[in-house]
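Novice: By the count of UniProt numbering, the sequence shown reaches residue 144 at its end, each step adding exactly one.
All C-beta atoms, glycine included, are put in the ideal place defined by N, C-alpha and C.
Here it is: the structure, laid out below.
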Amino acid sequence: MMKSEFIERTGFEPTEAEYREIEAEYMGCDIDKDEFCKTWKKQGGIQRLMRLRARRIEELEAELAKEKNDYDRMDAQYCTKINELKKQISDDGLALNSMNAQMGLMRNKAAGEIEELLKRATEAERKLAILKEAFDIITGKETK
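Now the structure itself:
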């Protein structure tokens with residue numbers, strides 16, 4: 001019997017999987033398709049399949065609810081982790097900015113110290129030149 005013939009005789013449209021079971025049941029008996037469909041319907045075949053469908057829907061809904069809970073839990077964990085990482089990046093950025101500012105201050109201080117040392121060295125070289133000239137005058141080695 002074809003699926004379309006079963007539907008026409010019973011007024012019920014089974015899924016492919018359901019029809020395979022119905023067909024196996026039909027092949028296992030020795031009555032014609034009209035009698036099989038009438039008997040199948042009379043013995044509650046439609047109600048039985050509807051209960052199985054309802055049970056399957058409940059299973060799928062439970063599975064979906066579990067998956068949603070898992071998703072929500074993982075989403076919350078990942079959001080927490082992302083927020084922790086963002087805070088760490090922000091804190092690290094603040095620390096780097098602070099260190100950069102300190103380095104700038106140290107660089108400016110070092111530049112000031114170098115400038116002061118250069119002034120002192122220039123002054124020392126000027127004084128040394130004066131002392132050499134004075135020494136040359138005193139020792140009579142004055143250059144003419």
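Pull up the distance between the alpha-carbon of ILE46 and that of GLU23, whole angstroms please.
Specialist: About 14 Å.
Novice: Using the C-alpha atoms, what's the distance from LEU64 back to ASP30?
Specialist: 42 Å
Novice: Please decide whether TYR26 counts as near chain B, where near means a Cβ-Cβ distance under 8 Å.
Specialist: In summary, chain B is missing from the structure at hand, where a single protein chain is found.
Novice: Can you say whether PHE6 is buried or exposed, counting buried as having 16 or more other CB atoms within 10 angstroms of its CB?
Specialist: buried
Novice: Roughly how many angstroms lie between the CA atoms of PRO14 and MET27, to the nearest whole one?
Specialist: Each residue's alpha carbon lies about 17 Å from the other.
Novice: Please classify CYS79 as buried or exposed, where buried requires at least 16 other C-beta atoms within 10 Å of its C-beta.
Specialist: exposed
Novice: Per DSSP, what kind of secondary structure is GLN43 in: helix, strand or coil?
Specialist: The answer is coil: DSSP assigns GLN43 none of H, G, I, E or B.
Novice: Rounded to whole angstroms, what's the CA-CA distance from ILE114 to ALA121? Just pull it up for me.
Specialist: So the two alpha carbons sit approximately 10 Å from each other.
Novice: ASP30 by DSSP, collapsed to three states: which one?
Specialist: coil
Novice: Leaving out five residues before and five after ARG73 in sequence, what residues of the same chain have Cβ atoms less than 7 Å from its Cβ?
Specialist: none
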